[in-house]
Amino acid sequence: MDLNDLQALAIATAIGFIIGFERDWRREEEQRERSFAGARTFALTGLVGGLAALASIPFVVPAGFIVLGAISIAAYWAKARAEPDTGGTTEIALLAAYLLGVTAAEEPVLAAIGGAATTILLALKPLTTRAAGAMDARELKAALRFLAISVIVLPILPDKGYGPYDALNPRNIWWMVVLISGLSFLGYWLTKLQGSRGILLTGIVGGLASSTATTLSLSRLVRDGTTSARAGAAGIIGANVVMLARVGVLLFAVSQTVLAAVWPALAAGAVAGGVVAILLWRGDREKGSEMKLGNPMELGPALIFAALIAFISVASHFATETFGDSGLYALAFFTGLADVDAITLTAGQQAGSGGIGVTVAGAAVLIAVAANTLVKVGMTLSIAGRGAGLWVGGACAAIVAAGAAGFLAASAF
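In terms of this note's numbering, the sequence shown is residues 4 to 416.
Here's what the structure looks like:
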C-alpha cells in the first residue's frame with residue numbers, strides 16, 4: 004500500500020463521515036430519538052468500500068454491496084413497522100457512501116464530487132418540501148415540459164444541417180428553444196417566489212421572461228391607475244435593460260466572438276437605461292402590483308419560436324446571398340419588431356460557423372434591439388398614455404444612442 008492508497012482511503016472515510024454528519028444533524032433537527040446510521044457508521048462504510056476496492060479480490064466489492072444492502076433492507080423493514088410513513092433516504096445514502104468509497108480507490112476527485120453532491124441533496128430536504136408544497140398542478144406540468152424538451156428531446160435530435168443552404172440544424176434550433184424557455188422559466192419562478200417589490204423590481208424580473216410582455220403589463224397598470232406614470236416607466240425601462248443583458252447571455256452561449264464585438268454597445272445602453280430607471284424610481288417610490296407572467300412553458304409558443312428560428316435561419320442565408328449585408332440588416336429590423344432573441348441566436352450561430360462576418364452579425368443584433376425598443380415606446384404611448392410614453396421614449400432614445408456610440412467606438416478600434 005502506497006501513499007496514493009492511503010489518500011484514497013482518507014477520502015473514502017471523509018466522504019462517509021460528511022454524509023453521516025448530515026444525517027446526524029437531520030435527526031437532531033427533526034428531534035428523532037435514534038437513526039439507522041450516523042457519522043461513524045457512514046465513515047466506516049466509506050472506509051470499507053475503499054478497502055474492498057483496493058483489495059483487488061474478485062467479487063469482494065459486489066459481495067460487500069449485497070451484504071450492506073441486506074442490512075439496509077432489514078433496518079428499513081424494522082423502522083417501517085414502527086413508523087409506517089417512514090422514508091428510506093438514510094438507507095439509500097449508506098449504499099451511496101459505500102459506492103463512493105469504492106470509487107475513491109480509482110477516481111478520488113470524482114468520488115469527492117459525488118460525496119459533496121450527495122450531502123447537498125440530503126440537506127435540501129426542507130427546500131424541496133416547501134417547493135413541492137408551493138407548486139400547483141399547472142407549474143408541475145410546466146416543469147415536466149421543460150424536462151422533456153431539454154433532457155429527452157434535445158439529445159435525440161440529429162446534429163446536422165438540412166434543407167436550403169443546410170441551414171436547418173434540428174439540435175441547434177431546439178437548443179435555442181431550451182435556452183429561451185429556461186430564461187422564461189427562471190423569470191416566472193423569481194416572480195412567484197420573490198413577489199413584487201416595487202414596479203422597478205417587477206420590471207427587472209419580468210424582463211427575464213419577456214420584456215415585451217412586461218411592457219404590456221406595466222402599461223396596463225399605469226392605464227388602470229394601479230401605479231404612476233413615473234413608476235411604470237421605470238419598470239418598463241428596467242425590463243428593457245434586462246433585455247440587453249439577456250441578449251448578451253444568448254450571444255455568450257452561441258458566439259462569444261459576436262459578444263466581444265457588441266458588448267460595449269450593450270453595456271453602454273444598459274448603463275444609460277439603468278440610470279434613467281433609477282432616477283425615475285427614486286422620484287416616485289411606491290409598491291407595485293405583482294405581475295402575473297402566466298405559464299412560460301406552454302409547448303405551443305415553444306414550437307412557434309422553433310419555427311421562427313428555422314425561418315429566420317433560411318431567410319438570413321437567402322438575404323445575405325441575394326442582397327448582401329443590407330439584406331440581413333433589413334431582416335433583422337423587421338424580425339426585431341416582434342422578437343430579438345430569434346435573430347440574436349441566428350446571427351450569432353451563423354457568425355460562429357463562418358457564414359457571416361462578426362461585425363455584420365453584431366450590427367444585425369443591434370438593429371433588432373433598436374427595432375424592438377421602438378416597439379416598446381409605441382406600446383407604452385398607446386396604452387399607458389403620454390406621461391409614461393414620453394419617459395420611456397426618452398430613455399429608449401438614450402439607450403439606442405449610447406449603444407450606437409459604444410458599437411462605433413468599439414469598431415474603430
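Backbone N, C-alpha and C fix where the C-beta goes; we use that ideal spot for every residue, glycine too. None of these values were measured; they are calculated from a predicted model.
Self-check item: Boundaries (first-last residue) of the alpha helix (DSSP H) holding R346
Solution: In the sequence as displayed, the identity of residue 346 is Ile instead of Arg. Note, I346: alpha helix (DSSP H), D344 to G355.
Quiz item: What three-state label does DSSP hand L171 in the structure shown?
Solution: In the three-state DSSP reduction, L171 falls in the strand class (E or B).
Practice problem: Would you list the residues sitting across from Y332 in a DSSP beta bridge? | Solution: Answer by DSSP bridge pairing: none, since Y332 is not bridged.
Practice problem: Indicate whether the contact test is met: 3 or more Cβ pairs, each with one atom in the region 211-224 and one in the region 269-289, closer than 8 Å. | Solution: They do not touch, by the three-pair rule.
Quiz prompt | Rounded separation between T376 and A408 - CA only | solution = Between T376 and A408, the C-alpha separation is close to 16 Å.
Exercise. On the DSSP bridge assignment, give the partners of Y79 in chain order.
Key: When beta bridges are read from the DSSP output, Y79 appears opposite no residue.
Practice problem: Look up F45 in the DSSP assignment and say whether it is helix, strand or coil. | Solution: It is helical.
Quiz prompt | Beta-carbon proximity list for L334, same chain, < 8 Å, skipping 5 on both sides | solution = Non-local beta-carbon contacts of L334 in its own chain, meaning distances under 8 Å to residues more than five positions away in sequence, involve I315, A318, S319, A322, I346 and A367 in chain order.
Quiz item: Taking all protein chains shown into account, do 16 or more other C-beta atoms lie within 10 angstroms of the C-beta of S329, making it buried, or fewer, making it exposed?
Solution: Label assigned to S329: exposed.
Practice problem: Keeping to the same chain, check which residues put their C-beta closer than 7 Å to that of V361; ignore five residues upstream and five downstream. | Solution: Same-chain partners within the cutoff: T260, V261, A264 and A354.
Quiz item: Comparing the CB of T217 with every heavy atom of the ligand ATP, is any distance shorter than 6 Å?
Solution: With respect to small molecules bound, the structure shown includes none, and the ligand ATP cannot be examined in it.
Exercise. Specify, as a first and last residue, the run of the alpha helix (DSSP H) that L247 falls within.
Key: Looking at the DSSP string, the run of the alpha helix (DSSP H) that includes L247 is A232 to V257.
Self-check item: Residue environment, N7, which counts as buried when at least 16 other CB atoms sit within 10 Å
Solution: Label assigned to N7: exposed.
Practice problem: Counting only the same chain and skipping the five closest in sequence on each side, list residues whose C-beta sits under 6 Å from that of A405. | Solution: Once the five neighbours on either side are set aside, the close Cβ partners of A405 are A271, G272 and A275.
Practice problem: For E25, I'd like the list of residues in its chain whose CB is within less than 7 Å of its CB, leaving aside the five on either flank, ordered along the chain. | Solution: Closer than 7 Å at Cβ, skipping near neighbours: T122, L125 and A126.
Self-check item: First through last residue of the alpha helix (DSSP H) which encompasses A146
Solution: Run containing A146: A140 to L150, per the alpha helix (DSSP H) assignment.
Practice problem: Just tell me which of F39, G52 and A119 has its CA closest to the CA of A81. | Solution: Of the listed residues, the one whose Cα sits closest to A81 is F39.
Practice problem: Reducing DSSP to helix, strand and coil, say where G198 ends up. | Solution: Legend: pLDDT at G198 = 49, less than 50; position of this residue unreliable, value from coordinates given subsequently. Note: G198 maps to coil in three-state DSSP.
Quiz item: Since Y165 sits in a beta bridge, which residues does DSSP pair it with?
Solution: Beta-bridge pairing links Y165 to L171.
Quiz item: Between G118 and the rest of its own chain, which residues show a CB-CB distance below 7 Å, the 5 nearest in sequence each way excluded?
Solution: Cβ within range, chain order: I18, I21, I22 and L103.
Quiz item: For S75 versus L47, is the C-beta distance shorter than 7 Å?
Solution: Taking the C-beta atoms as reference points, L47 is found no nearer than 7 Å to S75.
Practice problem: Identify, in the order they occur along the chain, each residue of the same chain with its Cβ nearer than 8 Å to the Cβ of A412, setting aside the five sequence neighbours on each side. | Solution: Cβ within range, chain order: P267.
Practice problem: Starting from the Cα of A3, find the closest Cα among L157, L219, A42 and V180 and give me that residue. | Solution: Residue 3 cannot be examined here, being either before or after the span of the chain that is shown, 4 to 416.
Exercise. Mark P111 as exposed unless 16 or more other C-beta atoms lie within 10 angstroms of its C-beta, in which case mark it buried.
Key: When all chains shown are included, P111 counts as buried.
Practice problem: Quick one: measure Cβ to Cβ for A114 and I14, integer angstroms, because I've assumed they're closer than 8 Å. | Solution: Contact annotation, A114 with I14: C-beta distance approximately 6 Å; criterion of less than 8 Å satisfied.
Practice problem: Kindly give me the distance between the Cβ atoms of A3 and W284, rounded to whole angstroms, as I take these residues to be in contact under 8 Å. | Solution: Residue numbering for the chain in the displayed model covers 4 to 416; residue 3 lies beyond these limits and cannot be assessed.
Practice problem: Compare the Cα-Cα distances from S254 to each of G351, A236 and T92 and report the closest residue. | Solution: The sequence given here places Leu at residue 254; Ser does not occur at that position. Of the candidates G351, A236 and T92, the residue whose Cα lies closest to the Cα of L254 is G351.
Quiz item: What is the residue span of the alpha helix (DSSP H) that A387 lies within?
Solution: No alpha helix (DSSP H) contains A387, which DSSP labels as neither H nor E.
Quiz item: Taking M382 as the reference, which of L340, A310 and A100 has the closest Cα?
Solution: Comparing C-alpha distances from M382 to each of L340, A310 and A100 shows the shortest one belongs to L340.
Practice problem: Closer than 6 Å by C-beta to A391: which residues in its own chain qualify, once you throw out the five before and the five after it? Chain order, please. | Solution: Here A391 has V225, A232, G235, A236 and T383 as same chain residues with Cβ atoms under 6 Å from its own Cβ, once five neighbours each way along the sequence are excluded.
Quiz prompt | Backbone secondary structure at L160 - three-state DSSP | solution = Coil at L160, not helix or strand.
Quiz item: Would L150 pass as a contact of A108 if the rule is Cβ separation under 7 Å?
Solution: Not in contact: L150 and A108 (Cβ atoms no closer than 7 Å).
Self-check item: Between the CA atoms of Y165 and V181 - distance to the nearest angstrom
Solution: Rounded to the nearest angstrom, the two C-alpha atoms are 20 Å apart.
Exercise. Would you mind working out which of T44, L54, D27 and E32 sits nearest Q10, comparing C-alpha positions?
Key: Per the Cα distances, L54.
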